[in-house]
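Reviewing the structure listed below.
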Amino acid sequence: MANAFNFALDLRKFADSIPEEMVKPVVQKLAMHALRGVVTKSPVDTGRFRGNWNVAVNRIDYSVTGETDKSGGSVIAKGAAVIASAEPDQAICISNNVSYAVALENGHSNQAPAGVVALTFAELESIIL
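All residue numbers for the sequence shown refer to my numbering, where the first residue is 4 and numbers rise by one.
Written out as structure tokens, the structure reads:
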């Protein structure tokens with residue numbers, strides 16, 4: 004699996020290879036795939052980890068809330084609205100900043116022993132590359 008920097012470069016090359024009018028819908032579909040991927044792969048106990056996925060445009064949202072979302076529906080709907088507002092030349096950042104997010108990504112959950120971000124990243128690579 005490539006690192007995030009190389010993936011971003013490959014994504015830029017991919018965007019340059021498609022007609023300009025297709026860039027926005029393709030980027031939005033990929034961002035939604037990424038959001039749905041990390042949310043649905045998130046292990047659930049109280050729903051706090053799943054409820055703390057943040058989506059922002061051209062910045063990382065470092066916030067952590069007490070929100071819980073066991074189904075993931077609410078966080079996906081909120082994220083979809085942000086993704087829809089993004090222009091093709093803007094970065095869409097998806098983050099989760101709960102204190103135990105890195106531990107979960109490193110397999111400290113029987114529900115997600117391979118993490119969530121790495122698996123979603125690999126899925127995106129297989130779609131694009």
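Backbone N, C-alpha and C fix where the C-beta goes; we use that ideal spot for every residue, glycine too.
Please classify residue i: does DSSP put it in a helix, a strand, or coil?
i: residue 22; result: coil
i: residue 95; result: strand
i: residue 59; result: strand
i: residue 31; result: helix
i: residue 111; result: coil
i: residue 85; result: helix
i: residue 90; result: coil
i: residue 77; result: helix
i: residue 101; result: coil
i: residue 67; result: coil
i: residue 54; result: helix
i: residue 129; result: helix
i: residue 4; result: With a pLDDT of 43 at residue 4, under the threshold of 50, the modelled position of this residue cannot be trusted, and the question is left open.
i: residue 140; result: Here the chain covers residues 4 to 132 and nothing more, so residue 140 does not appear.
Tell me which residues share the same chain as residue i and place their Cβ nearer than 8 Å to its Cβ, disregarding the 5 neighbours each side in the sequence.
i: residue 107; result: 45, 46, 52, 115, 118 and 119
Between the alpha carbons of residue i and residue j, how many angstroms are there, rounded?
i: residue 81; j: residue 112; result: 26 Å
i: residue 77; j: residue 15; result: 30 Å
i: residue 101; j: residue 48; result: 14 Å
i: residue 58; j: residue 72; result: 15 Å
i: residue 50; j: residue 104; result: 13 Å
i: residue 56; j: residue 20; result: 31 Å
Based on the DSSP secondary-structure assignment, which residues constitute the bridge partners of residue i?
i: residue 119; result: None, per the DSSP bridge assignment.
Quick one: residues in its chain with C-beta nearer than 7 Å to the C-beta of residue i, no 5 flanking neighbours on either side, listed in chain order?
i: residue 63; result: 96 and 98
i: residue 123; result: 37, 40, 41 and 44
i: residue 17; result: 131
i: residue 79; result: 38, 39 and 42
i: residue 29; result: 21
Excluding five sequence neighbours on each side, which residues of the same chain lie with their C-beta closer than 6 Å to the C-beta of residue i?
i: residue 94; result: 61
i: residue 34; result: 86 and 95
Any 3 or more C-beta pairs closer than 8 Å across the segment 16-27 and the segment 64-74
Judged by Cβ distances under 8 Å, the segment 16-27 makes no contact with the segment 64-74, as fewer than three pairs qualify.
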